[in-house]
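Here is the structure we will look at.
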Amino acid sequence: MPDNPLFSHAGTTALFSHAAASPPPAFEPAVQAEAAGEATPEQVALLEGEPALWRRTVERLLAEVEESLHSVKANGGLDAEEREQIVADFEDERLDLARALARLGGPPVEELIEAPAEVRLQASWAAGKVVVWAGGRGAKPADGEELADRLEAAGAPAEGWDVHPAVVLPTGERADALSLPVGDGLGWLVALGAGQDVEHVGASVAWLGRIAVW
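Residues in the sequence shown are numbered from 12 upward in steps of one, following this note's numbering.
See below:
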């Protein structure tokens, strides 16, 4: 990109994938049902047969909910009533998962809710563009250089990005942001929505990918 060398940093092109086998299709719904107190005896038996996988799945779902909650709070495109309802739903789900993890030998619920979340690539729609930034609850947001590195590692298009006004986070901090016309980023989003597994990509980015696939 001639005037915007976003991806000029060395050593940031590696993609990451997990070699572990995928859990059976019924496993994650069983984890979610147990966390909500709605699991059937068959679902509980399935989980108890794979305790390590059960805990890893709870941890992953909890991280995804944290990311989604952070993204919704930072999304200026939602009206106040809609944002309040979505935040309440995610907070209820987060509490259920935190309690489930505590039952499985994890940290106390209070520590899980207050612990800083990992910084991940986040995204939202705005006026026909994909807006991206990188942040996590309680963590310092990424600056412009780190954001460019994260985009490159996530396989994002190398051209077409513009500097976007900073995203104001729930803490009042401002996260450096970039934007790209939706049409220019559609292939990337579809790839993510189809299951491309890239480390440090937040749930909001994956959600936009699933929307693009639909």
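Ideal Cβ positions, reconstructed from N, Cα and C, are used throughout, including at glycine.
This structure is a prediction, so every number in the text was calculated from the model and none was measured.
The C-alpha of Leu203 is placed about 25 angstroms away from the C-alpha of Arg94. A residue is called buried once 16 or more other Cβ atoms fall within 10 Å of its Cβ, and Asp187 is buried on that count.
Ala150 sits away from Arg161, with the two beta carbons spaced by 8 angstroms or more.
Within the same chain, Cβ atoms closer than 8 angstroms to the Cβ of Glu77 are found at Arg105, Ala128, Gly147, Arg148, the five residues on either side in sequence being excluded.
Note on Pro152: 16 or more other CB atoms within 10 angstroms of its CB, so buried under the neighbour-count rule. By the Cβ neighbour-count rule, Gly139 is exposed, with fewer than 16 other Cβ atoms within 10 Å of its own. Between Leu123 and Trp65, the C-beta spacing is not below 8 angstroms.
The three-state reading of DSSP puts Gly204 in helix, counting H, G and I together.
Residue burial annotation: Val179 is exposed, with fewer than 16 other C-beta atoms found within 10 angstroms of its C-beta. Counting other Cβ atoms within 10 Å of its Cβ, Glu59 stays below 16 and is therefore classed as exposed.
DSSP places Arg94 in the helix class (H, G or I) of the three-state scheme. For the 8 angstroms CB-CB criterion, His175 and Val142 form a contact. Taking the C-beta atoms as reference points, Asp154 is found no nearer than 8 angstroms to Gly171.
DSSP places Gly146 within a strand segment (E or B) once states are collapsed to three. Under the three-state reduction of DSSP, Lys140 is assigned to strand.
For Asp103, the number of other beta carbons within 10 angstroms of its own is below 16, and it is reported as exposed. Around the beta carbon of Asp90, a 10 Å sphere encloses fewer than 16 other beta carbons of the protein chains shown; the residue is thus reported as exposed. Shown here for Leu158: same chain residues with a beta carbon closer than 6 angstroms to its own, the five before and five after excluded, namely Ala145, Asp187 in chain order.
Between the alpha carbons of Asp173 and Ala85 lies a gap of roughly 19 angstroms. Between Ser135 and Ser79, the alpha-carbon positions lie close to 11 angstroms from each other.
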